[in-house]
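K.L.:
Chains as they are written, first to last, in our numbering: chain C, 1 to 555; chain E, 1 to 555.
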């Protein structure tokens with residue numbers, strides 16, 4: 001047994017906020033049994049991943065060791081923790097464990113992809129534990145911004161680990177269980193080897209606020225509104241939806257849910273009994289017949305997503321409902337970095353309609369779901385572990401959290417994706433590096449982020465694309481003129497002639513003069529034609545386009 | 001004379017923060033003489049304008065009336081006010097007026113584009129006025145974040161107008177003239193018909209702070225730094241550069257300027273005498289031999305621009321200088337919405353190097369160059385105009401500023417790009433709408449934003465691109481197989497065969513079976529091949545690519 005080791009290995013989430021995937025291993029070196037905590041996704045953007053649908057962690061390392069995986073444990077149902085469960089099921093095949101609400105969401109995903117729903121195992125919460133190889137894993141309820149979030153207690157022969165999951169210290173979270181320092185204190189009592197801990201809000205200097213604080217503010221805001229009211233928040237923030245809906249009801253407004261994600265989340269929360277007494281709702285069809293001052297719309301799309309209900313309401317109509325002068329739109333949400341332009345676009349469109357927009361800048365209508373700096377310090381003290389390993393953060397978060405840990409007189413380990421941390425002995429150490437990366441879900445296909453597919457798209461977007469077709473006869477002589485098709489390029493340039501004609505003329509001249517040796521060599525012709533297109537384009541329009549050349553030979 | 005009218009017409013800047021271009025007209029309807037205030041650019045992004053170099057306002061309306069333009073007046077040398085001066089000179093040709101520092105920057109632009117530098121006229125400041133047709137225009141010094149900013153006094157036969165330019169109320173701006181309420185009060189004394197006013201910071205609730213407040217904070221920060229220090233800010237913020245450099249000198253550090261834009265701005269400011277006593281600097285080559293604790297680098301790229309000095313320092317080396325553990329990097333700047341991801345990328349790269357990053361979140365190291373809400377109210381009172389027309393803002397800013405004006409008991413006019421506001425009588429009114437838009441500088445060519453060029457780039461980036469080549473013989477029969485080239489698409493899909501082969505097989509089958517009538521019709525074949533490519537791709541990879549078909553006929 002003395003040669004067994006315990007390790008922690010992040011494959012995603014330690015270097016970005018998103019696509020969480022953490023591995024724990026225990027056993028003889030290179031034969032460790034493995035468990036996976038969370039399998040999440042990130043969202044693409046036009047800058048780095050145009051056309052991509054979702055980003056997931058590269059799980060090749062896990063796939064190569066699939067026979068050693070004893071279970072996948074999902075802490076909660078946010079997409080960055082659960083989103084890749086169905087997308088990776090074919091390749092990992094391990095049993096998946098989650099609390100009832102999380103399992104409900106996971107089953108819907110499995111079903112959509114044609115996977116067996118019963119691969120999802122519903123677990124009871126702590127003090128129950130699931131035996132998974134050498135690991136015993138308990139789901140301890142912890143407050144966050146979605147029902148039934150859990151921190152994990154992971155008992156191993158080498159000692160107890162705590163994996164915080166996403167959390168905040170909320171004694172009154174409206175929906176879901178409050179943070180319970182006593183329970184965590186009991187868990188910590190026997191000694192915790194390592195705490196692997198959420199870093200999201202390490203830069204927020206003040207103690208976090210409770211979900212319950214928002215109710216009176218929102219109620220007052222809605223009471224004073226004279227027109228229609230729309231509120232948007234994350235669809236999964238069921239507590240917030242309840243607060244918003246109750247404030248609406250108190251202000252004499254009927255509640256209408258807009259957006260599929262929101263209806264599904266409410267449905268799942270009701271099915272699993274975590275959401276009780278949600279006000280009754282009206283359909284969008286019925287809403288049209290209700291006076292606007294008696295209506296509250298709860299809409300998806302708080303991050304400015306183009307196809308979500310909020311964007312459509314801002315842009316025109318959604319399901320026949322149209323906003324107008326004197327209506328109010330509340331962002332009960334924070335804009336995630338990178339989404340500012342999309343959110344601002346919506347705000348400007350609403351402004352054009354004369355709608356008054358209220359955002360979270362006052363602090364009255366939104367609280368975060370993550371532990372702030374002082375809350376992290378308190379949690380460190382409650383768990384009182386030998387070692388703290390920050391996770392769930394970009395490098396800057398992990399580094400600041402590690403510093404915070406060390407300022408508190410504890411040992412912090414800055415571990416990024418792919419870094420295997422040996423936790424066996426008294427001092428944690430880096431015991432290896434695993435190749436990690438990103439996998440893109442692109443349409444229905446998963447491709448590697450470095451495969452070049454997306455790089456080519458970016459190049460076409462930046463430079464435009466020219467396709468050249470040339471036909472050569474049996475004597476290697478050009479048959480007619482070469483042909484160019486332009487895509488994403490200006491039609492005319494410096495010489496005021498059509499760019500396509502200038503290009504075809506230059507290509508034609510080249511083919512007319514090329515020597516016999518060149519004309520026998522497709523690669524040489526292609527390279528020459530490409531070079532001519534790029535040079536002529538640079539002269540004409542100041543750009544060097546991407547070029548594809550097709551040489552056809554009659555032979 | 002009674003039929004003469006005075007109007008205000010924004011062509012850019014009233015609906016976005018960027019590409020400012022405001023027109024004033026006076027005279028008989030449709031024969032008004034015109035002046036233009038500012039000709040600026042905006043910056044493209046990957047989401048909406050991939051591959052574009054700069055965005056400028058569509059000046060077609062002005063170009064059609066170029067013989068009626070009596071002058072172009074540039075308030076200050078920020079790119080969103082001056083950036084299009086040289087790019088539009090060919091099409092407008094009007095004389096350009098600016099104060100010496102602004103003119104210096106403008107001349108550099110004209111020179112780069114091969115235009116005559118003497119099209120730029122250097123003007124003295126208020127109380128001097130330039131006669132331009134029926135207008136007399138005076139440049140009144142006003143504090144902002146670049147030297148020699150000016151608000152304009154525009155006297156017309158119908159009364160006096162004030163065009164604020166970009167401004168703040170700074171009594172101690174370090175470089176450039178302080179805000180002088182007495183001068184503006186004198187200007188206002190005889191009555192102001194309309195104030196056209198900067199709206200940028202209408203959402204900032206507290207009074208603005210002076211540039212002078214930063215000096216002691218920055219000096220203390222630099223004094224306590226133990227390694228190399230890098231500070232970034234806008235290259236044009238000469239006052240800030242001076243504050244940073246003086247703080248560096250006081251901390252015993254040599255100053256090194258990194259980035260062409262920064263060196264040029266300092267050079268221009270020194271040439272024109274607006275910057276005095278700037279500490280002496282060392283070259284990057286010399287900087288390499290100075291102990292890191294004795295060095296302050298001032299670097300371009302505060303917005304995360306990929307090719308600027310800051311990004312290169314974060315990513316690796318810049319001119320042989322490399323950052324390391326214990327160095328400090330100060331963002332003496334605010335991140336403009338939309339640039340968050342780029343800035344955060346740099347911060348994370350610096351974090352990986354162990355560099356401590358200090359940003360503006362404490363408020364200690366950056367102040368804005370624009371008037372905040374209470375400052376706007378104060379300026380309204382000082383100018384005391386009949387009407388206030390908010391400019392320099394997105395719709396949300398213009399709307400909020402208009403409301404602020406009305407809350408102050410004045411008449412506000414919400415005028416967006418293309419809206420012609422008749423200011424002749426006592427009540428302003430919308431007298432027409434002019435078609436406006438955006439022009440893209442793309443390489444060396446100017447194209448319309450709606451020409452479809454950029455739309456095609458975006459489509460290729462989102463969907464990938466398939467090029468199909470088919471050759472038909474004299475009998476309209478396919479000669480060999482059709483050929484596909486893929487760009488930006490996965491190589492294999494659902495059937496595990498190469499996508500290109502699956503496509504070619506399907507296209508070949510179609511051509512083999514198509515009837516004679518179809519085979520005689522290029523459009524019909526193209527349409528059919530395109531449909532097949534899209535359908536097969538959807539089946540195989542879940543995406544419908546852009547398709548270009550080239551049919552070549554031997555005839």
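The C-beta atom is built at its ideal place from N, Cα and C for all residues, glycine as well.
Can you grab the Cα-Cα spacing for the pair residue 15(E) / residue 203(C), in whole Å?
P.N.:
The residue you call residue 15(E) lines up with position 15 of the second chain. The residue you call residue 203(C) lines up with position 203 of the first chain. Cα-Cα distance, rounded: 34 angstroms.
K.L.:
Beta-carbon of residue 347(C) versus every beta-carbon of chain E: anything under 8 angstroms?
P.N.:
Against the first chain, residue 347(C) aligns to sequence position 347. Interface residue, yes.
K.L.:
What does DSSP give as the partner residue(s) for residue 137(E) in the beta ladder?
P.N.:
What you label residue 137(E) is simply residue 137 of the second chain in a count that begins at 1. Paired residues: 130(E), 154(E).
K.L.:
I'd like the span of the alpha helix (DSSP H) that includes residue 460(C), first residue to last.
P.N.:
Translated into positions along the first chain, residue 460(C) becomes position 460. Per DSSP, residue 460(C) belongs to the alpha helix (DSSP H) from 453-463.
K.L.:
How would you label residue 547(C), buried or exposed, when you count the other beta carbons within 10 angstroms and need 16 or more for buried?
P.N.:
For the purposes of this step, residue 547(C) is taken as the residue at position 547 of the first chain. Per the 10 Å Cβ criterion, buried.
K.L.:
CA-CA distance, residue 299(C) and residue 143(E)?
P.N.:
Translated into positions along the first chain, residue 299(C) becomes position 299. Translated into positions along the second chain, residue 143(E) becomes position 143. Taking the straight line joining both Cα atoms gives about 43 angstroms.
K.L.:
In whole angstroms, give me the CA-to-CA distance for residue 305(E) and residue 478(C).
P.N.:
One-based indexing of the second chain puts residue 305(E) at position 305. One-based indexing of the first chain puts residue 478(C) at position 478. Taking the straight line joining both Cα atoms gives about 46 angstroms.
K.L.:
When you compare only the Cα positions, how much space is there between residue 328(E) and residue 435(E)?
P.N.:
Your numbering for residue 328(E) matches position 328 in the second chain. Your numbering for residue 435(E) matches position 435 in the second chain. Whole-angstrom Cα-Cα distance: 49 angstroms.
K.L.:
Would you say residue 467(E) lies against chain C (beta-carbon separation less than 8 angstroms)?
P.N.:
Against the second chain, residue 467(E) aligns to sequence position 467. It does; some Cβ of chain C falls within 8 angstroms.
K.L.:
Look up residue 552(E) in the DSSP assignment and give the residues it is bridged to.
P.N.:
For this step, residue 552(E) is matched to residue 552 along the second chain. In the DSSP output, where bridge partners are listed per residue, residue 552(E) has 471(E).
K.L.:
With a cut-off of 8 angstroms, do at least 3 Cβ pairs link the stretch 525-544 of chain E to the stretch 492-502 of chain E?
P.N.:
Result yes; three or more Cβ-Cβ pairs closer than 8 angstroms.
K.L.:
Does the beta carbon of residue 201(E) sit closer than 8 angstroms to a beta carbon anywhere in chain C?
P.N.:
Position 201 of the second chain, counted from the start, is the residue given in the question as residue 201(E). By this cut-off, residue 201(E) is not an interface position.
K.L.:
Given 8 angstroms as the limit, is there contact between the stretch 76-93 of chain C and the stretch 151-161 of chain C, that is, 3 or more CB pairs closer than that?
P.N.:
Because the criterion of three Cβ pairs below 8 angstroms is not met, the stretch 76-93 of chain C and the stretch 151-161 of chain C do not touch.
K.L.:
Could I get the ranges of all uninterrupted alpha helix (DSSP H) runs contained in the stretch 299-365 of chain C, with 4 residues as the minimum, in chain order?
P.N.:
With a minimum length of 4 residues, the continuous alpha helix (DSSP H) runs that stay inside the stretch 299-365 of chain C are 309-315, 340-352.
K.L.:
Is the stretch 281-293 of chain E touching the stretch 185-204 of chain E, taking contact as three or more C-beta pairs under 8 angstroms?
P.N.:
No, they do not touch.
K.L.:
Between residue 437(E) and residue 58(E), how many whole angstroms is the CB-CB distance? I'm expecting something under 8 angstroms.
P.N.:
The residue you call residue 437(E) lines up with position 437 of the second chain. The residue you call residue 58(E) lines up with position 58 of the second chain. Correct: roughly 4 angstroms between the Cβ atoms.
K.L.:
Under 8 angstroms, do residue 411(C) and residue 302(C) count as touching if we go by C-beta distance?
P.N.:
The residue you call residue 411(C) lines up with position 411 of the first chain. The residue you call residue 302(C) lines up with position 302 of the first chain. Cβ atoms of residue 411(C) and residue 302(C): not closer than 8 angstroms.
K.L.:
For the stretch 387-398 of chain C, which residues have a beta carbon sitting closer than 9 angstroms to at least one beta carbon of chain E?
P.N.:
Listed by position along the chain: 394, 395, 396, 397, 398.
K.L.:
Got a sec: is the Cβ-Cβ distance from residue 438(E) to anything in chain C below 8 angstroms?
P.N.:
To locate residue 438(E), count along the second chain from 1; it is residue 438. Residue 438(E) does not count as touching chain C.
K.L.:
Which residues in chain E have a C-beta closer than 9 angstroms to the C-beta of residue 550(C)? List them in chain order.
P.N.:
Start at 1 with the first residue of the first chain, and residue 550(C) comes out as number 550. Near residue 550(C) (Cβ distances below 9 angstroms), the residues of chain E are 467, 469, 483, 485, 550.
K.L.:
Rounding to the nearest angstrom, what Cα-Cα distance links residue 1(C) and residue 29(C) in this structure?
P.N.:
In the first chain, residue 1(C) corresponds to position 1, counting from 1. In the first chain, residue 29(C) corresponds to position 29, counting from 1. Note that residue 1(C) has pLDDT 48, beneath the 50 cutoff, so the model's placement of it is unreliable and the number below is only indicative. Taking the straight line from one Cα to the other gives about 11 angstroms.
K.L.:
At a CB-CB cut-off below 7 angstroms, which residues of chain C make contact with residue 372(E)?
P.N.:
Taking the first residue of the second chain as 1, we reach residue 372(E) at position 372. Neighbours of residue 372(E) on chain C: none; closest Cβ ~14 angstroms, over 7 angstroms.
K.L.:
In angstroms, rounded to a whole number, what distance separates the CA positions of residue 527(C) and residue 45(C)?
P.N.:
For the purposes of this step, residue 527(C) is taken as residue 527 along the first chain, with counting starting at 1. For the purposes of this step, residue 45(C) is taken as residue 45 along the first chain, with counting starting at 1. So the two alpha carbons sit approximately 33 angstroms from each other.
K.L.:
Given this structure, state the Cα-to-Cα distance separating residue 393(E) from residue 307(E), to the nearest angstrom.
P.N.:
The count along the second chain starts at 1 and reaches residue 393(E) at position 393. The count along the second chain starts at 1 and reaches residue 307(E) at position 307. Taking the straight line from one Cα to the other gives about 28 angstroms.
K.L.:
Of the residues 474(E), 20(E), 446(E), 268(E), which one's Cα is nearest the Cα of residue 39(E)?
P.N.:
Here residue 39(E) refers to the residue found at position 39 when the second chain is read from its first residue. Among 474(E), 20(E), 446(E), 268(E), the Cα nearest to that of residue 39(E) is on 20(E).
K.L.:
If residue 168(C) and residue 208(C) are in contact, beta carbons under 8 angstroms, what's the gap, nearest whole angstrom?
P.N.:
Within the first chain, residue 168(C) is the residue found at index 168, counting from 1. Within the first chain, residue 208(C) is the residue found at index 208, counting from 1. Rounded, the Cβ-Cβ distance is 5 angstroms, consistent with contact.
K.L.:
Tell me the residue span of the alpha helix (DSSP H) that contains residue 13(E).
P.N.:
Position 13 of the second chain holds residue 13(E). From DSSP, residue 13(E) is part of no alpha helix (DSSP H); its letter is neither H nor E.
K.L.:
Strictly under 8 angstroms for the Cβ-Cβ distance: is residue 461(C) near chain E by that measure?
P.N.:
Taking the first residue of the first chain as 1, we reach residue 461(C) at position 461. Closer than 8 angstroms: yes.
K.L.:
To which residues of the same chain is residue 18(E) closer than 8 angstroms at the C-beta, ignoring the five residues directly before and after it?
P.N.:
In the second chain, the residue the question calls residue 18(E) occupies position 18. Correct list, in chain order: 12, 40, 41, 42, 43, 55, 80.
K.L.:
Below 8 angstroms, can you find three or more Cβ-Cβ pairs linking the stretch 327-343 of chain E to the stretch 274-287 of chain E?
P.N.:
Contact fails: fewer than three Cβ-Cβ distances are below 8 angstroms.
K.L.:
Quick one: using the 10 Å Cβ neighbour count with 16 as the cut-off for buried, is residue 430(E) buried or exposed?
P.N.:
Working through the second chain from its first residue, we reach residue 430(E) at position 430. So residue 430(E) counts as exposed.
K.L.:
Specify the secondary structure class of residue 519(E) as computed by DSSP and reduced to three states.
P.N.:
Along the second chain, one-based indexing puts residue 519(E) at 519. In this structure, residue 519(E) counts as helix in the three-state DSSP scheme.
K.L.:
Take residue 98(C) and list the residues in its own chain whose beta-carbon comes closer than 6 angstroms to its own, dropping the five residues that flank it on each side.
P.N.:
In the first chain, residue 98(C) corresponds to position 98, counting from 1. So the list reads 74, 106, once near-sequence residues are dropped.
K.L.:
Could you name the residues of chain C that residue 351(E) contacts, counting a contact when the two beta carbons are closer than 7 angstroms?
P.N.:
For the purposes of this step, residue 351(E) is taken as the residue at position 351 of the second chain. Ordered by position in chain C, the residues that pass the 7 angstroms Cβ test against residue 351(E) are 395, 396, 399.
K.L.:
Decide if residue 433(C) is buried, meaning its Cβ has at least 16 other Cβ atoms within 10 Å, or exposed.
P.N.:
As a position in the first chain, residue 433(C) is number 433, starting the count at 1. Under this definition residue 433(C) is an exposed residue.
K.L.:
Using a Cβ-Cβ cutoff of 7 angstroms, what residues of the stretch 321-347 of chain C are near chain E? List them in chain order.
P.N.:
From the stretch 321-347 of chain C, only 337, 338, 340, 341, 344, 347 have a Cβ closer than 7 angstroms to chain E.
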